[in-house]
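Residue numbering for the sequence shown follows the numbering used here, beginning at 1221 and increasing consecutively.
Backbone N, C-alpha and C define an ideal beta-carbon position, used for all residues, glycine too.
From a predicted model like this one, the values you see are computed outputs, not experimental measurements.
Single-structure report; data block below.
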Amino acid sequence: MSILEKLIQLESEAVSKAESASGLEALDQIRIQYLGKKGSLSEVLKGLGSASPEERPKIGAAANLAKAKVEAALEAKKVKLEGLALEQRLATEQIDTTVLARQAHLGALHPITQTTQKLIKVFSRLGFDVVTGPEVETEFLNFEAVNIPADHPARDMQDTFFLGPGVVLRTHTSAVQMRAMRSKSWPIRVLCPGAVFRCDDDATHSPMFHQIEGLWVDRQVRMSDLKGTLEFFAKELFGSSTQIRLRPSYFPFVEPGAEVDVSCPFCKKNPKGGCKVCKGSGWLEILGAGMVHPKLFQMAGYEATEISGFAFGLGIERIAMLMYGIPDLRLMFRGDMRFLKQFA
1221 MSILEKLIQL ESEAVSKAES ASGLEALDQI RIQYLGKKGS LSEVLKGLGS ASPEERPKIG
1281 AAANLAKAKV EAALEAKKVK LEGLALEQRL ATEQIDTTVL ARQAHLGALH PITQTTQKLI
1341 KVFSRLGFDV VTGPEVETEF LNFEAVNIPA DHPARDMQDT FFLGPGVVLR THTSAVQMRA
1401 MRSKSWPIRV LCPGAVFRCD DDATHSPMFH QIEGLWVDRQ VRMSDLKGTL EFFAKELFGS
1461 STQIRLRPSY FPFVEPGAEV DVSCPFCKKN PKGGCKVCKG SGWLEILGAG MVHPKLFQMA
1521 GYEATEISGF AFGLGIERIA MLMYGIPDLR LMFRGDMRFL KQFA
């Protein structure tokens, strides 16, 4: 039998076997048997050297054609078998759509951010606009402009972070209030949230913490307006039955000044006086407030005889600790996922 005859025979056998293959594995075995390095077609072509020079081009062309036909038959059968396998899989496999999917990990806002947003939302209902300022502040705006003289203890090195002559990390957001008054005329009603810095570190204090301060300046603003504003804030935050009380206190930038307490919202859980939060007193101190000192109006360029105003300031961490029952301020700055996941 000549080489050409053997090629035609092998082509016919391979195509026939490919068309009758029962599975993908059997089809792969046919490919190896005829097209592999040691396959039947390769073995036949080893005898090409014994052919005459005139026959060799014909045998080469016939070998390429036979190989192409076998590959086409194998590919067609593979497509058909894969289609049948898919149809069988779709007919037998089922997806239970009632099974809960794996939930992706979702992040959450930090408790300080959540508390800040709640406070802003409450005061914005009273018409307060949010303003911000730089954390690196001039010593003048941080101290002198808010009536804190050069000999005040708060300006000592052990309490304030000095970055250079006349430059500090702001110790309160009162400087933002002064920037607001110096940049716009009254009436003014602003809320100033932001980070502040002081040399302090324990379970209830941090070198960096957050404040939110409010300022309202207009004609005939009275202490009763301040009390009404703070009563609204307390009831919105801690419940409609919450009461407040004002105790006389001193702050350089207000006159008169007051410490503001709220009735303890946790005493309901300990009606026999065993509340650990307020230590049985029934009251919690949450902020300082008062009527704006006339010297601040002079610093801002306002005519103090025409207007009056009130200001208040509170620590955001303090409110967050009360709202969420957080025992240690330092937990909010450690980045512990076990702690943060509780606020998701």
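Minimum Cα-Cα distance from Val1396 among the listed residues Pro1354, Asp1349, Phe1471, Val1342 corresponds to Pro1354. A direct Cα-to-Cα measurement between Thr1462 and Thr1449 gives close to 13 Å. A distance below 6 Å between beta-carbons, with the five flanking residues on each side excluded, links Arg1465 to the following residues of its chain, in chain order: Asp1481. The stretch 1493-1512 makes no contact with the stretch 1403-1414; the number of CB pairs closer than 8 Å stays below 3.
Counting C-beta pairs closer than 8 Å gives fewer than three between the stretch 1340-1358 and the stretch 1315-1330, which falls short of the contact rule. According to DSSP, Thr1358 shares a beta bridge with Val1387. Excluding its 5 nearest sequence neighbours in each direction, Leu1301 has C-beta neighbours in its own chain below 7 Å: Gly1243, Leu1244, Leu1247, listed in chain order. Three or more Cβ pairs closer than 8 Å define a contact, and the stretch 1516-1531 falls short of that threshold against the stretch 1276-1293.
When Glu1225, Leu1224, Gln1253 are compared, the shortest CA-CA separation from Lys1237 is found for Gln1253. Bridge partners of Cys1498 according to DSSP: none are assigned. Contact between the stretch 1312-1319 and the stretch 1380-1399 is not established, with fewer than three Cβ pairs separated by less than 8 Å. Beta-carbon to beta-carbon, Ala1509 and Leu1446 are separated by about 6 Å, close enough to satisfy the 8 Å threshold.
Rounded to the nearest angstrom, the Cβ distance from Leu1224 to Ala1282 is 6 Å, consistent with a contact under 8 Å. The criterion of a C-beta distance shorter than 9 Å is not satisfied by Ala1241 and Lys1287. Per DSSP, Tyr1544 is one residue of the alpha helix (DSSP H) stretching across 1536-1544.
The alpha carbon of Gly1434 has as its nearest neighbour, out of His1372, Leu1346, Gln1440, the alpha carbon of Leu1346. Taken through DSSP and simplified to helix, strand or coil, Asp1445 comes out as helix.
Gly1459 has no beta-bridge partner at all, per DSSP. Secondary-structure assignment with DSSP links His1392 through no beta bridge to anything. Proximity to Cys1484 across Gly1477, Gly1459, Pro1476 peaks at Gly1459, based on C-alpha coordinates. Secondary structure note for Ala1520: its alpha helix (DSSP H) is the uninterrupted segment 1514-1520.
The residue from Leu1549, Met1543, Met1557 with its alpha-carbon nearest to that of Thr1335 is Met1543. By alpha-carbon distance to Phe1452, the top candidate from Leu1306, Val1299, Leu1339, Ala1305 is Leu1339.
The three-state reading of DSSP puts Ser1469 in strand, counting E and B together. Taking the CA atoms as reference points, Ser1469 sits about 13 Å from Phe1532.
If the five residues before and after Lys1455 are omitted, its C-beta is found closer than 7 Å to the C-beta atoms of Thr1462, all from its own chain and listed in chain order. Membership of Ile1252 in the alpha helix (DSSP H) is indicated by the continuous run 1244-1255.
His1513 counts as buried, since no fewer than 16 other beta carbons sit within 10 angstroms of its beta carbon.
For Gln1431, the enclosing beta strand (DSSP E) starts and ends at 1428-1438. A straight-line Cα-Cα distance of about 11 Å links Gly1259 and Ala1234. Assigned with DSSP and collapsed to three states, Gly1529 falls in strand.
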